[in-house]
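Everything below concerns the one structure shown next.
Protein chains: 2
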Amino acid sequence: MEKVTEIKILEAAKKVFVDKGMDGARMQEIADQAGINKALLHYYFRTKAQLFDKIFSVAMESIFNPINESLENDGNLFTFIDTFVDNYITVLSENPHLPNFILNEINKNPERMVKLVSLNLNIAKLKQLIDEGIENQEIIPISMENFLVNIIGLCVFPILAKPLISAYFFVSENNNYNTFIQERKKNIPEFIKNALTVKN
Amino acid sequence: MEKVTEIKILEAAKKVFVDKGMDGARMQEIADQAGINKALLHYYFRTKAQLFDKIFSVAMESIFNPINESLENDGNLFTFIDTFVDNYITVLSENPHLPNFILNEINKNPERMVKLVSLNLNIAKLKQLIDEGIENQEIIPISMENFLVNIIGLCVFPILAKPLISAYFFVSENNNYNTFIQERKKNIPEFIKNALTVKN
DNA sequence: AGAAAAATTAACCAAATGGTTAAACCAGAT
DNA sequence: ATCTGGTTTAACCATTTGGTTAATTTTTCT
């Protein structure tokens, strides 16, 4: 197996699959994009499903690794919020189509897709940070699940809804969507930290 | 044109399109689900694209109308938050696949899909509520765009990510995902209102 | 009742698509 | 040089799929 060819295929497959999804993707288009014959595609990855699985699991890792990495860093809850949001919005900005790709494929085939990847979120650490904060009355009571869904949702949703946000908020002005997203690197942590802070 | 047949078709088409997306949907399956012949399907809606457009625009409306309705209600910003979140999570729980369907199709074809529907969000009203709150120093400064993306994202994202949330948070326990979502009817408003409240 | 119009179906078609096959090409080993 | 193994290709195949056609059934109108 020629490594160069395999890489060309994986790059092409990633682009086509992420753009058009499993159903919309065409093996011919992947072959074209990779600059090879369609038969060669099947020579390297026997079936469309096999090639897709490879792309999907890599995609899953590249979207979940940043979460895990941030969870492994030391520091208190508030620095976690800061670094995670900044880091994650950067990652998402670089791969803006990944979230939609992953969520869509997972929703279309939950059991299979979830089983395909074995990722273990370092949840315990986060839970500890949160519970400590609650005990010391530094933050309002909140479950780890709600906290994580909130912070990820606030980062990911605007990426998923880019066409709508652009169309309804930034009709005329052109690249304002991008600055909107980048500014959220500051806005989201501020929002969350304020939400968690105990009032008096 | 037999109205009964048209309704049967639209119901079947909605189910199949929303479940499998434009690319994954099959005209034959829609015909089967509607209990009719495939030719009859084309007799009522000439092409797959035409049928899809109908389904999509109805879907868009049913997902955006609740937003607009909440925006038109009277009351201050905090009651808006309460009623909107409660109302919207109810709507989403009843149509859990709609958000993924809409976002996916829009991302796959932004210009066309956005142009397909003409919905005018009653943004001015919300902007006024927010700006008033800021002026009276009842809430922290926040742009209408960030506020709306936050509140919608907090409601919609957990619906989009159901398979992941179920798999990683509620592995063994069965229907806990649903209670998690329903509890967010209280958690989200609390979170947002706290986030907006001025500290002293 | 019977003609005209509308609704519905079975059979069919062309294009697209995932996948296969057999031959050609090309490197390194002998 | 040529044999051998892996690599690449052109041509091909079976199936699926959106869509059409012509005939049949059902309804409507007179």
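Order-wise, the sequence lines are chains A and G.
For the first sequence, the numbering used here assigns the number 11 to the initial residue and increments by one for each residue that follows.
For the second sequence, the numbering used here assigns the number 11 to the initial residue and increments by one for each residue that follows.
Ideal placement from N, C-alpha and C gives every residue a C-beta, glycine not left out.
Beta-bridge partners of residue i, as assigned by DSSP
i, result
"Ile149 (chain G)", "G:Thr207"
Boundaries (first-last residue) of the alpha helix (DSSP H) holding residue i
i, result
"Phe55 (chain G)", "Here Phe55 (chain G) belongs to no alpha helix (DSSP H), and DSSP marks it neither H nor E."
"Met32 (chain G)", "13-34"
"Pro168 (chain G)", "154-170"
"Asn110 (chain A)", "108-118"
"Phe88 (chain A)", "87-104"
"Ile40 (chain G)", "37-44"
Residue i Cβ short of 6 Å to the ligand SAH heavy atom set
i, result
"Leu102 (chain G)", "Of the ligands one can find in the structure shown there are none, so the ligand SAH has no counterpart to examine."
Candidates the options: closest to residue i by CA position
i, options, result
"Leu108 (chain G)", "G:Leu158, G:Asp33, G:Phe27, G:Leu87", "G:Phe27"
"Asn132 (chain A)", "A:Thr189, A:Ile191, A:Gln38, A:Glu79", "A:Glu79"
"Lys135 (chain A)", "A:Ala35, A:His52, A:Gly85", "A:Gly85"
"Met11 (chain A)", "A:Leu51, A:Ala59, A:Phe66, A:Asn130", "A:Leu51"
"Met32 (chain G)", "G:Gly143, G:Ile112, G:Lys125", "G:Ile112"
"Glu155 (chain G)", "A:Glu148, A:Leu164, A:Ile152", "A:Leu164"
"Lys137 (chain A)", "A:Asn146, A:Ala59, A:Ile152, A:Val127", "A:Ile152"
"Phe179 (chain A)", "G:Met70, G:Pro199, G:Ala59, G:Asn130", "G:Asn130"
"Arg10 (chain G)", "G:Ile198, G:Lys18, G:Phe190, G:Ala59", "Here chain G comprises residues numbered 11 to 210, so residue 10 (chain G) is not present and cannot be evaluated."
"Arg128 (chain G)", "G:Ala69, G:Asn188, G:Ile150", "Here the sequence assigns Ser to residue 128 (chain G), which means Arg is not the residue at that position. Minimum Cα distance to Ser128 (chain G) is reached at G:Ala69."
"Asp29 (chain G)", "G:Lys196, G:Gln147, G:Asn197, G:Phe62", "G:Phe62"
"Lys118 (chain G)", "A:Tyr53, A:Lys13, A:Lys25, A:Lys18", "A:Lys25"
"Asp42 (chain A)", "A:Lys18, A:Thr57, A:Asn146", "A:Lys18"
"Lys196 (chain A)", "A:Glu148, A:Lys13, A:Thr89", "A:Thr89"
Residue i and residue j closer than 7 Å at C-beta
i, j, result
"Ala205 (chain A)", "Asn114 (chain G)", "no"
"Leu87 (chain A)", "Leu139 (chain A)", "yes"
"Pro120 (chain G)", "Val101 (chain G)", "no"
"Ala22 (chain G)", "Ala44 (chain G)", "yes"
"Pro106 (chain A)", "Ile116 (chain G)", "no"
"Asn97 (chain G)", "Leu170 (chain G)", "no"
"Leu126 (chain A)", "Ser67 (chain A)", "yes"
"Ile144 (chain G)", "Val208 (chain G)", "no"
"Phe167 (chain G)", "Phe167 (chain A)", "yes"
8 Å contact criterion, which residue i and residue j should meet: CB distance rounded
i, j, result
"Thr15 (chain A)", "Ile65 (chain A)", "Rounded, the Cβ-Cβ distance is 16 Å, inconsistent with contact."
"Ala99 (chain A)", "Ile202 (chain A)", "In the sequence as presented, Ala is not what sits at residue 99 (chain A); that position holds Ile. Actually they do not touch by this definition, with Cβ atoms about 13 Å apart."
"Phe74 (chain A)", "Ile161 (chain A)", "Actually they do not touch by this definition, with Cβ atoms about 14 Å apart."
"Ala35 (chain A)", "Val124 (chain G)", "Their Cβ separation, rounded to whole angstroms, is 23 Å, which puts Ala35 (chain A) and Val124 (chain G) out of contact at 8 Å."
"Ile191 (chain A)", "Ser72 (chain A)", "Not a contact, Cβ separation roughly 19 Å."
"Ile175 (chain A)", "Tyr187 (chain A)", "6 Å"
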